[in-house]
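The structure appears right after this line, and notes come after that.
Number of protein chains: 2
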Amino acid sequence: MNQIHRPARAYEYETDGQEIYRQSFGMIRDEARARLSALPDDVTDVAVRIVHAAGDVAVADQIAAHPDVVRAARSALRSGAPILADSNMVAHGVTRRRLPADNEVICLLRDDRVPALAREWQTTRSAAAVSLWADRLEGAVVAVGNAPTALFHLLEMLEDPSLGTPRPAAIVGMPVGFVGSAESKTALAEHELPEGGQVPWIVVHGRRGGSAMAAAALNALAHESELA
Amino acid sequence: MNQIHRPARAYEYETDGQEIYRQSFGMIRDEARARLSALPDDVTDVAVRIVHAAGDVAVADQIAAHPDVVRAARSALRSGAPILADSNMVAHGVTRRRLPADNEVICLLRDDRVPALAREWQTTRSAAAVSLWADRLEGAVVAVGNAPTALFHLLEMLEDPSLGTPRPAAIVGMPVGFVGSAESKTALAEHELPEGGQVPWIVVHGRRGGSAMAAAALNALAHESELA
Numbered sequence: 001m002n003q004i005h006r007p008a009r010a011y012e013y014e015t016d017g018q019e020i021y022r023q024s025f026g027m028i029r030d031e032a033r034a035r036l037s038a039l040p041d042d043v044t045d046v047a048v049r050i051v052h053a054a055g056d057v058a059v060a061d062q063i064a065a066h067p068d069v070v071r072a073a074r075s076a077l078r079s080g081a082p083i084l085a086d087s088n089m090v091a092h093g094v095t096r097r098r099l100p101a102d103n104e105v106i107c108l109l110r111d112d113r114v115p116a117l118a119r120e121w122q123t124t125r126s127a128a129a130v131s132l133w134a135d136r137l138e139g140a141v142v143a144v145g146n147a148p149t150a151l152f153h154l155l156e157m158l159e160d161p162s163l164g165t166p167r168p169a170a171i172v173g174m175p176v177g178f179v180g181s182a183e184s185k186t187a188l189a190e191h192e193l194p195e196g197g198q199v200p201w202i203v204v205h206g207r208r209g210g211s212a213m214a215a216a217a218l219n220a221l222a223h224e225s226e227l228a
Numbered sequence: 001m002n003q004i005h006r007p008a009r010a011y012e013y014e015t016d017g018q019e020i021y022r023q024s025f026g027m028i029r030d031e032a033r034a035r036l037s038a039l040p041d042d043v044t045d046v047a048v049r050i051v052h053a054a055g056d057v058a059v060a061d062q063i064a065a066h067p068d069v070v071r072a073a074r075s076a077l078r079s080g081a082p083i084l085a086d087s088n089m090v091a092h093g094v095t096r097r098r099l100p101a102d103n104e105v106i107c108l109l110r111d112d113r114v115p116a117l118a119r120e121w122q123t124t125r126s127a128a129a130v131s132l133w134a135d136r137l138e139g140a141v142v143a144v145g146n147a148p149t150a151l152f153h154l155l156e157m158l159e160d161p162s163l164g165t166p167r168p169a170a171i172v173g174m175p176v177g178f179v180g181s182a183e184s185k186t187a188l189a190e191h192e193l194p195e196g197g198q199v200p201w202i203v204v205h206g207r208r209g210g211s212a213m214a215a216a217a218l219n220a221l222a223h224e225s226e227l228a
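As you go down the protein sequences, you meet chains A and B in turn.
Take 1 as the starting number for the first sequence in this note's numbering and just add one per residue.
Take 1 as the starting number for the second sequence in this note's numbering and just add one per residue.
Structural data, given as structure tokens:
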């Protein structure tokens with residue numbers, strides 16, 4: 001490859017990555033102050049990162065969380081728990097150097113068994129792939145950033161007493177879309193396990209969500225540092 | 001692995017992927033009718049997919065496009081042009097089976113040369129990685145779905161007559177964020193090449209954007225089919 005030359009500067013813009021983060025998080029904390037202060041203290045930093053990924057402070061109004069979710073997810077990740085994601089975009093949005101124990105990040109959407117299971121069960125491949133998580137689910141941190149059907153399917157696994165599905169440590173519930181998305185997040189916020197209680201959760205209510213917000217939540221749960 | 005059992009259905013939700021697409025796109029066309037009808041005809045389908053990825057019809061108001069962008073991008077991809085993306089999330093959001101010529105999807109953010117270039121040039125790694133696109137840029141489809149600095153840097157490469165940077169076929173400009181994002185997209189919409197004219201572009205103006213919207217735009221440009 002030939003020598004690479006920097007182009008002449010033609011625009012005024014901030015080029016220091018750490019400074020961009022600092023300014024961005026400052027603007028978010030200022031503009032979303034009211035809503036952020038209504039969230040549990042340890043959820044605030046996670047919410048700031050979700051808003052950052054969305055590029056929209058209005059998303060702060062849609063964030064809700066179980067009071068134990070940050071503690072549970074951080075503790076699980078420090079202990080080496082895997083992250084299970086419903087989409088490859090979510091998995092690739094996790095910043096590896098933020099992970100406290102070089103944790104595995106797993107998406108099984110392209111597993112060979114998925115197409116046949118989806119056909120047999122007449123459901124989406126995203127939902128069928130969630131059933132393949134079962135033997136890694138114990139104490140894991142789960143993130144749904146794409147398919148409402150994946151979140152509904154996960155809740156059905158956890159709520160069906162005949163399956164004995166292991167309990168994850170925490171669920172990031174941020175599927176996106178116009179059909180079933182809002183309902184799936186309401187279901188997560190209201191679910192009850194057969195033995196009582198809930199798996200701690202964090203959601204962006206309504207139609208919005210998506211892989212960028214889910215990955216941002218994971219990155220905030222993985223490490224307390226705000227930068228990079 | 002043990003036999004996998006489908007959990008008992010506990011919620012009412014649509015499980016047919018194609019039906020979810022159909023209903024979603026119908027809702028978007030209905031709710032965003034006014035704005036969609038103001039866009040060039042061939043941009044409408046791309047806009048519907050961007051709105052779908054955002055889970056929010058308000059995004060339709062922020063979409064703007066050069067009149068040739070859809071024709072230019074489709075023609076380039078059919079001819080086998082690569083897709084160059086600023087982030088791994090964008091690259092992993094491209095649905096490979098929609099690509100008309102098994103096109104390469106390239107992200108150079110993790111290239112070994114990036115950290116040193118970023119330090120030398122005092123810019124972000126995202127921007128430095130764009131300079132490494134140069135020998136693949138001719139006729140390519142470019143997507144910026146994360147870093148405003150990457151989009152500014154690309155424009156500076158194209159506008160610096162001393163570099164002789166090859167021309168891409170089209171630019172998907174959808175960086176997200178609070179610092180520089182809106183400005184970078186205004187710059188793209190208003191840029192002028194040294195020889196006159198523009199590289200055809202499509203943007204989501206303002207702070208919003210992101211890897212999911214950029215990947216959705218690429219998936220719509222790659223193939224005319226609305227489904228999957």
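Cβ atoms here follow ideal geometry from the backbone N, Cα and C, with glycine treated the same way.
Against chain A, the beta carbon of Q3 of chain B has no neighbour under 8 Å; the closest one sits roughly 11 Å away. Distance between P82 of chain A and E104 of chain A, taken at the CA atoms: about 5 Å. Secondary structure at W121 of chain B: helix, using DSSP grouped into helix, strand and coil. Here the C-alpha atom of A58 of chain A lies approximately 43 Å from the C-alpha atom of S162 of chain B.
When CB distances to chain B are screened at a threshold of 8 Å, the residues of the stretch 56-67 of chain A falling below it are D56, in chain order.
Nearest C-alpha to I63 of chain A among A:Y21, A:E156, A:E226 and A:I202: A:I202. DSSP places I83 of chain A within a strand segment (E or B) once states are collapsed to three.
With respect to the 8 Å criterion, S211 of chain B and G164 of chain B are not classified as neighbours on the basis of their beta carbons. DSSP places A65 of chain A in the strand class (E or B) of the three-state scheme. With respect to V48 of chain A, R22 of chain A sits apart: the two C-beta atoms are not nearer than 8 Å. When Cβ-Cβ separations below 8 Å define contact, N219 of chain A makes no contact with chain B.
Counting along the chain, the unbroken alpha helix (DSSP H) around G17 of chain A starts and ends at G17 to E31. Of all residues in the stretch 193-209 of chain A, those with a C-beta nearer than 8 Å to a C-beta of chain B are G206, R207, R208 and G209, reading in chain order.
When the alpha-carbon of A60 of chain B is set against those of B:A38, B:A215, B:V141 and B:H66, the nearest one is in B:A38. The beta carbon of F178 of chain B sits closer than 7 Å to the beta carbons of R207 from its chain, once the five residues preceding and following it are set aside; these are given in chain order. Inclusion of A222 of chain B and A143 of chain B in the CB contact set at 8 Å is not warranted, their separation being larger than that value.
Where G173 of chain B is concerned, there is no enclosing alpha helix (DSSP H), although the beta strand (DSSP E) around it starts and stops at A170 to G173. Per DSSP, reduced to three states, the secondary structure at V51 of chain A is helical. Within a 10 Å sphere around the beta-carbon of G196 of chain A sit fewer than 16 other beta-carbons, which makes this residue exposed. If the five residues before and after R113 of chain A are omitted, its C-beta is found closer than 7 Å to the C-beta atoms of L132, all from its own chain and listed in chain order. Secondary structure of A147 of chain B (DSSP, three-state): coil. Under the Cβ criterion of 8 Å, S181 of chain B is counted among the residues facing chain A. Taking 8 Å as the cut-off between beta carbons, the residues of the stretch 22-52 of chain B near chain A are Q23, S24, M27, I28 and H52, in sequence order. For I50 of chain A, the CB contacts under 7 Å within the same chain, skipping 5 residues up- and downstream, are V59, I63, V204, M213, A216 and A217 in chain order.
Under the 10 Å beta carbon count, D102 of chain B is surrounded by fewer than 16 other beta carbons and is classified as exposed.
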